[in-house]
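Novice:
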DNA sequence: ATGCCTATTGAAAACGATTAGAAAAAATGA
DNA sequence: TCATTTTTTCTAATCGTTTTCAATAGGCAT
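Residue numbers (our numbering), protein chains in the order written: chain B, 1 to 331; chain D, 1001 to 1331.
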């Protein structure tokens, strides 16, 4: 039924060993053999079964990127970075989505245990960090875009605390004193860190923390809208709002805009992620840009290096972020 | 080094065959054996090597979704649909991106030839349809969200011609006579079909086709902006614009808005895809909604059915789309 | 012709699972 | 008890590769 290396060998009048050698460009094989095998391969339309190959070699040359969903658009650049790094070393990148279900995430990591992939990159881990850390001792795992709350695993991200601090400080520098924060109820390490940075900036500026100015929602634009509504109901309204994602900021801006507030004057907005839409609407949104492509490229490179290395690199790399200043902060 | 089924057998004092039977919940195995094996598995932390299993069984229980990039946000629902259909039948869904490079798409299809996955769904095929058709005779391939220009392969999509017709007719029904079309230079079958529908609607309404009212660009919002700029420079300006994607429409609306046109009155806009942002900004965008989740679910179900079937189903299924009417068409 | 070296080759043993078929053990019936 | 059936177990073959190791062929120098 299926054409195997044996059929090729028979057709080419050589042994399977020779066919294998030709297929893998081994040097010690005669020109005649090369031709005969290539001709047979061509004639039979043979293509090698990777299950056999991978089993024998005990490697698949594939790495798995585990994401929550494909919805977050900035994953795209991260994945591009990973691909570039992987392709140049002969690896393929496969993607799988957890749908933000820790159990399913674990199931996907099973592809590592069962040797269906050589390594995995978690782009938004939901399972607890102790488990991940434990697994990383046996398997090639890295974390990207996030960090675990404990050290001990290869991790490529930005300094989210610092980014939160920078954005908030920028608003403070603009003379703002009542700065709202919109973040998520379900805490990823990055949002925890961004909130920490927000608080530190306030503290350093001598601005008292006001819990009424922190809104906990989800990642949707609706959250931004509702948060903004809450904030603007307050007696002591905020004069600036920092959100941990652009989507949220945009939702908030829509509300403020529709209710007669002059964005960039009455109230400033700072987002996070620099998504496509952040500069599509007037006023354009100031935001934190993180080096997505570079993070992806870096994590893949280091993960592959780890797979070959005696002693794996388990450092955390924080790549530089930058502030993009636009009309929403009066720039 | 690695724990194999042999180690488990030794630990449990049974043969590898028995271990395998326990692992696969075969009925003809004693309770004692089950316990002994489970204990050994637990103790050794064994997890089966799928390369061995898959090689022997000649199936991987994995199907591959091939997309251009993760950027197009509506892929997410399609993938969700595919996952739901697949999981319920014990299949995993892996995703891979072609970066819109036909060569790379071919490389990914190689996973099919090399038996690394059991089937593949193309969500935006770039390689020519003859090749795909040819391959589909030997391997389990389906197409989703698009159709090939030739019949003969399992395909789940919407009727794009009809959708283009419906959107354009709606604008005509609103009394519009000069309707612009923004589409893409690089033609996917869906954009070709949408344009056909646009033309048919004009024709049926007795409105002459005017090539100055068709703009060919890419999938970006910039294209929308530039197209709108071109259109509004014309002596005989359009009073409505249909774009083959929401992103483009939004870009166009931004331009019109900034130049003093009253959207929904002076000029109507109709988009395509019903993306999240289409209803985030005022005026909200009227658009064509396609059943993403259902398309994904359907294509996966039918593909899996095909893999078991004697005679594969090679029909094209067109699922119903719907028009979402909002302020941009004065609704 | 002989020996020695090198370049190619092939036979067979992996890799880690599943599974047919044989064998052993247990259960059943008389 | 023993023959017969049923249940459970094991041995060994198999899936399609790669790779070790031994064997062969050919070239060259003596």
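Virtual Cβ for every residue (Gly too), placed ideally from N, Cα, C.
The model shown is predicted, which means the values in this text are computed figures rather than measured ones.
List the residues of chain B whose Cβ lies closer than 7 Å to the Cβ of residue 1050/D, in chain order.
Specialist: Per Cβ cutoff of 7 Å: 114, 115 and 116.
Novice: Please decide whether residue 1106/D counts as near chain B, where near means a Cβ-Cβ distance under 8 Å.
Specialist: No - not a single Cβ of chain B is within 8 Å of the one on residue 1106/D.
Novice: Using DSSP with H/G/I as helix, E/B as strand and the rest coil, what is residue 21/B?
Specialist: In the structure shown, residue 21/B sits in a helix (DSSP, three-state: H, G or I).
Novice: Can you name the residues of chain D whose CB is closer than 9 Å to the CB of residue 332/B?
Specialist: Coverage of chain B is limited to positions 1 through 331, which leaves residue 332/B absent and any answer about it impossible.
Novice: So which residues of chain D does residue 97/B contact, with C-beta pairs closer than 9 Å?
Specialist: 1076, 1079, 1080, 1083, 1093 and 1095, listed in chain order.
Novice: So with Cβ pairs under 8 Å, would you call residue 148/B a contact of chain D?
Specialist: Judged by the 8 Å Cβ criterion, residue 148/B is not in contact with chain D.
Novice: Please state the DSSP three-state secondary structure of residue 132/B.
Specialist: It is helical.
Novice: In whole angstroms, what is the alpha-carbon distance linking residue 288/B and residue 1084/D?
Specialist: Taking the straight line joining both Cα atoms gives about 35 Å.
Novice: In terms of residue numbering, what span does the beta strand (DSSP E) encompassing residue 1157/D cover?
Specialist: Note, residue 1157/D: beta strand (DSSP E), 1155-1158.
Novice: So which residues of chain B does residue 1055/D contact, with C-beta pairs closer than 7 Å?
Specialist: Chain B residues near residue 1055/D: 51, 52 and 55.
Novice: Which class does residue 205/B belong to by DSSP, given the choice of helix, strand or coil?
Specialist: Residue 205/B: coil per DSSP, three-state reduction.
Novice: With three or more beta-carbon pairs closer than 8 Å as the criterion, would you say the region 268-276 of chain B touches the region 238-255 of chain B?
Specialist: Short answer: they touch.
Novice: Hey, would you say residue 1165/D sits closer than 8 Å to residue 1217/D, going by beta carbons?
Specialist: For residue 1165/D and residue 1217/D, no; Cβs fall outside 8 Å.
Novice: Does the Cβ of residue 234/B have 16 or more other Cβ atoms within 10 Å, making it buried, or fewer, making it exposed?
Specialist: Its Cβ having fewer than 16 others within 10 Å, residue 234/B is exposed.
Novice: Return the residue from the list 125/B, 92/B and 151/B that minimises the CA-CA distance to residue 104/B.
Specialist: Ranking the options by Cα distance to residue 104/B, first place goes to 125/B.
Novice: Report the neighbours of residue 1254/D on chain B: residues whose CB is nearer than 8 Å to its CB, in chain order.
Specialist: Chain B residues near residue 1254/D: 280, 281 and 282.
Novice: For residue 216/B, does the three-state DSSP call read helix, strand or coil?
Specialist: Strand at residue 216/B.
Novice: Assign residue 62/B to one of three DSSP states: helix, strand, or coil.
Specialist: Note: residue 62/B maps to strand in three-state DSSP.
Novice: Would residue 1316/D and residue 1144/D qualify as a contact pair, given that the criterion is a beta-carbon distance under 8 Å?
Specialist: Taking 8 Å as the Cβ cut-off, residue 1316/D and residue 1144/D do not qualify as a contacting pair.
Novice: To the nearest angstrom, how far is it from the Cα of residue 133/B to the Cα of residue 153/B?
Specialist: Between residue 133/B and residue 153/B, the C-alpha separation is close to 6 Å.
Novice: Determine the chain B residues that contact residue 1258/D at a beta-carbon separation under 9 Å, and present them in chain order.
Specialist: Residues of chain B passing the Cβ test: 282.
Novice: Could you pull the DSSP bridge partners for residue 286/B from this structure?
Specialist: Residue 286/B is bridged to 270/B.
Novice: What did DSSP end up calling residue 1027/D once you bin it into helix, strand or coil?
Specialist: In the structure shown, residue 1027/D sits in coil (DSSP, three-state: anything other than H, G, I, E or B).
Novice: Using a cut-off of 7 Å between C-beta atoms, extract the partners of residue 69/B located in chain D.
Specialist: Going along chain D in sequence order, the residues near residue 69/B (Cβ under 7 Å) are 1076.
Novice: List, in order along the chain, the chain D residues whose C-beta lies closer than 9 Å to that of residue 269/B?
Specialist: What residue 269/B touches in chain D: nothing, since even the nearest Cβ is about 15 Å away.
Novice: Would residue 1250/D pass as an interface residue toward chain B - the criterion being a Cβ-Cβ separation below 8 Å?
Specialist: With 8 Å as the cut-off, residue 1250/D counts as an interface residue toward chain B.
Novice: By Cβ distance, which residues of its chain are closer than 6 Å to residue 1291/D, with the 5 residues on each side in sequence left out?
Specialist: Within the same chain, residue 1291/D has close Cβ partners 1319.
Novice: Rounded to whole angstroms, what's the CA-CA distance from residue 137/B to residue 1005/D? Just pull it up for me.
Specialist: Whole-angstrom Cα-Cα distance: 22 Å.
Novice: Is the region 78-97 of chain B in contact with the region 53-70 of chain B, if contact means three or more CB pairs nearer than 8 Å?
Specialist: Contact between the region 78-97 of chain B and the region 53-70 of chain B is present, because at least three Cβ pairs lie under 8 Å.
Novice: Please report whether the beta-carbon of residue 1047/D lies at a distance below 8 Å from any beta-carbon of chain B.
Specialist: At least one chain B Cβ lies under 8 Å of residue 1047/D.
Novice: Does any CB atom of chain D fall closer than 8 Å to the CB of residue 73/B?
Specialist: Interface residue, yes.
Novice: Along the region 215-227 of chain B, what residues have a CB closer than 8 Å to any CB found in chain D?
Specialist: Going along the region 215-227 of chain B in chain order, one finds 221 with a Cβ nearer than 8 Å to chain D.
Novice: Could you tell me whether the Cβ of residue 1242/D comes closer than 8 Å to any Cβ of chain B?
Specialist: No - not a single Cβ of chain B is within 8 Å of the one on residue 1242/D.
Novice: Going along chain D, which residues have a C-beta under 7 Å from residue 277/B?
Specialist: By Cβ distance, chain D contributes 1277.
Novice: When the distance is taken between beta carbons, is residue 140/B closer than 8 Å to residue 306/B?
Specialist: Taking 8 Å as the Cβ cut-off, residue 306/B and residue 140/B qualify as a contacting pair.
Novice: Might you give, ordered along the chain, the residues of its own chain that have their beta carbon closer than 6 Å to the beta carbon of residue 214/B, omitting 5 neighbours on each side?
Specialist: 181.
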